[in-house]
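These notes concern the structure reproduced below.
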Amino acid sequence: MANAYSAGRWPSGMERVSLTRTVPADPETVTDLITDVEPFMLAAGFDEVTLDGDDLGITNRVGLFEIELDLEIVETDAVLRYEQRQGIFESMMTEYTVEAVDGGTEVTATTEYSALDLPVLGEMIDSTVISRQR
Numbered sequence: 076m077a078n079a080y081s082a083g084r085w086p087s088g089m090e091r092v093s094l095t096r097t098v099p100a101d102p103e104t105v106t107d108l109i110t111d112v113e114p115f116m117l118a119a120g121f122d123e124v125t126l127d128g129d130d131l132g133i134t135n136r137v138g139l140f141e142i143e144l145d146l147e148i149v150e151t152d153a154v155l156r157y158e159q160r161q162g163i164f165e166s167m168m169t170e171y172t173v174e175a176v177d178g179g180t181e182v183t184a185t186t187e188y189s190a191l192d193l194p195v196l197g198e199m200i201d202s203t204v205i206s207r208q209r
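All the letters of the sequence shown, read from the start, carry residue numbers 76 to 209 under the working numbering.
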């Protein structure tokens, strides 16, 4: 599997983290796995996942903290995109895209978020949650 990772701040002031991997499977298979949202999110390392229509809830335990995010799945050209309704970020969205390449499918996960207004703790928790999604 090939990997590419990038992170940085965009002109909008939001942080952006992106990870691309090439997996040895066809795009249809990869899309089916990603759109089976509950098992996909559990496989991403979240401790609890609930799905009710377009309402997605995830829980992540980080040391002494339990972080809960209330998300909404949004229809776009991406295979999967969700945006935070309530949670620890000022705003957050994540999307997954797939593209056929030689030897399989390139999967890109991109998260854009505005960090909490807590100097050190906010950035640490934000980074932990984002890295768990990768």
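Heads up, the beta-carbon is just placed ideally off N, CA and C, and yes, glycines get one too.
Per DSSP, what kind of secondary structure is residue i in: helix, strand or coil?
i: GLY162; result: coil
i: ALA190; result: coil
i: MET89; result: coil
i: GLY179; result: strand
Can you tell which of the options has the C-alpha that lies nearest to the C-alpha of residue i?
i: ASP152; options: THR169, ILE142, ASP145; result: THR169
i: ARG136; options: LEU144, PHE164, ASP129; result: LEU144
i: PRO102; options: THR125, THR95, THR180, GLY162; result: THR180
i: ASP129; options: GLU174, ARG160, SER189; result: ARG160
i: GLU147; options: PHE164, ARG96, GLY138, LEU126; result: LEU126
i: VAL173; options: MET89, ALA100, PHE121; result: ALA100
i: ASP177; options: ARG96, PHE121, GLY88, ASP122; result: ARG96
By Cβ distance below 7 Å, which residues in the same chain neighbour residue i in space, the five residues on each side in sequence not counted?
i: PHE115; result: LEU108, ILE109
i: GLU141; result: THR134
i: VAL149; result: ARG156, TYR157, GLU158
i: VAL98; result: MET76, VAL105, GLY179, THR180, VAL182
Residues in the same chain with beta-carbon distance under 6 Å from residue i, minus the five sequence neighbours each way, listed in chain order, please.
i: ALA184; result: LEU94, TYR171
i: SER166; result: SER189
With a CB to CB cut of under 8 Å and the five nearest residues on each side skipped, what residues in its chain are close to residue i?
i: VAL112; result: VAL124, LEU126, LEU131, ILE148, LEU155
Every unbroken beta strand (DSSP E) within the stretch 91 to 156, with a cutoff of 3 residues, ordered by chain: 123 to 127, 130 to 137, 140 to 148
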